[in-house]
Amino acid sequence: MARWIGEAVLSGDLVAHSPDIESETDTEVSTSGATEPIGLRRTLRPLVDLDSWLVQRGWEEVNTTPVLMSAKHWIISGSLVGPEDERESAVWQVLEDPWTSSLSIYDPDEELDYPPRLRVVNPQEMSWMDIRELPPELLRLLDSRKQGEPDSTDGPVRSMMLEWWRFNSETAELTESPVTIPGWVIEVEGAPTQVLHARNGRRYEYV
9 MARWIGEAVL SGDLVAHSPD IESETDTEVS TSGATEPIGL RRTLRPLVDL
59 DSWLVQRGWE EVNTTPVLMS AKHWIISGSL VGPEDERESA VWQVLEDPWT
109 SSLSIYDPDE ELDYPPRLRV VNPQEMSWMD IRELPPELLR LLDSRKQGEP
159 DSTDGPVRSM MLEWWRFNSE TAELTESPVT IPGWVIEVEG APTQVLHARN
209 GRRYEYV
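Printed below as a string of structure tokens:
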């Protein structure tokens, strides 16, 4: 993370600011030329060590530029329905990562305490899911297996079966907000410019 932030300062891509006085009306420019609010945007921690990643590929001299990659943070509330039609209310936080075309449970502990202000790069528009239509990928994430009642009270040993509790789509309420993932623009001579995902170490098309 030190290199990621350090490179941004040296290149002038990072704007230092105090989180205590940051205005929610501040904006920054994305690669498409559009502006977006940064006051409410969260940023996840980088997991990839760039130096090691480059050395493994013999790319020590490759040009890299730290950026932020667009993603979405979803808060989803609704109810789970048990095998006997029991109901249980729940709230989930979900990360939509359009670069990997994946959904995962969002962990607020993975956020940077003080997100840097860097240039934001966006994926192709078709990369976003239609989350409000509750796609199967989302429902599989929300469904839960819970321990059921003992199948027998006779004898000293009682087995406990895991039972599926399914998300009730009719109760769904969804709220979205922007979140960003650290990354680097990678420029390899003779190859298309790509973005390195700082959470999974994979490269994606730079648009």
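Residue numbers (my numbering): 9 to 215.
Where a beta carbon is used, it is the ideal one built from N, C-alpha and C, also for glycine.
| said: With three or more C-beta pairs closer than 8 Å as the rule, is the segment 188-196 touching the segment 49-69? | reply: Verdict: yes, contact present.
| message | Using DSSP's beta-bridge definition, name the partner residues of S97. | response | Taking the sequence shown and counting its residues from 1, one reaches residue 97 at position 89. Per DSSP, S87.
| request: Report the rounded CA-to-CA distance for E119 versus L55, giving the unit in angstroms. | output: Your numbering for residue 119 matches position 111 in the sequence shown. Your numbering for residue 55 matches position 47 in the sequence shown. Inter-residue distance for E119 and L55 is about 12 Å (C-alpha atoms, whole angstroms).
| task | Throw me the rounded Cβ distance for the V203 and V89 pair, which I believe falls under 8 Å. | result | One-based indexing of the sequence shown puts residue 203 at position 195. One-based indexing of the sequence shown puts residue 89 at position 81. In fact, because the Cβ distance is near 41 Å, the residues do not count as touching under 8 Å.
| What are the boundary residues of the alpha helix (DSSP H) that includes S60? | As a position in the sequence shown, residue 60 is number 52, starting the count at 1. For S60, the enclosing alpha helix (DSSP H) starts and ends at 58-65.
| query | What residue does the alpha helix (DSSP H) around E145 start on, and which one ends it? | reply | Your numbering for residue 145 matches position 137 in the sequence shown. Its alpha helix (DSSP H) spans residues 144-150.
| said: Suppose you measure from the CA of V129 to the CA of V102; what does that come to, to the nearest Å? | reply: Numbered from its first residue, the sequence shown carries residue 129 at position 121. Numbered from its first residue, the sequence shown carries residue 102 at position 94. Just so you know, the alpha carbons of V129 and V102 end up roughly 21 Å apart.
| query | Using the rule of at least 16 other Cβ atoms within 10 Å of the residue's Cβ for burial, across every protein chain shown, is P144 buried or exposed? | reply | On the sequence shown, residue 144 is found 136 positions in, with the first residue counted as 1. So P144 ends up on the exposed side.
| Whole-angstrom distance between P106 and E68, CA atom to CA atom | Residue mapping note: residue 68 aligns to position 60 of the sequence shown, counting from 1. Residue mapping note: residue 106 aligns to position 98 of the sequence shown, counting from 1. E68 and P106 have their C-alpha atoms some 28 Å from each other.
| message | Which residue wins for smallest C-alpha separation from P123, given the options A199, V215, P186? | response | Here residue 123 corresponds to residue number 115 of the sequence shown, with the count starting at 1. The residue with the shortest Cα to Cα distance from P123 is P186.
| field | Where M134 falls: helix, strand or coil (DSSP) | value | Residue 134 sits at position 126 when you count from the first residue of the sequence shown. For M134, the secondary structure class from DSSP, reduced to helix, strand or coil, is helix.
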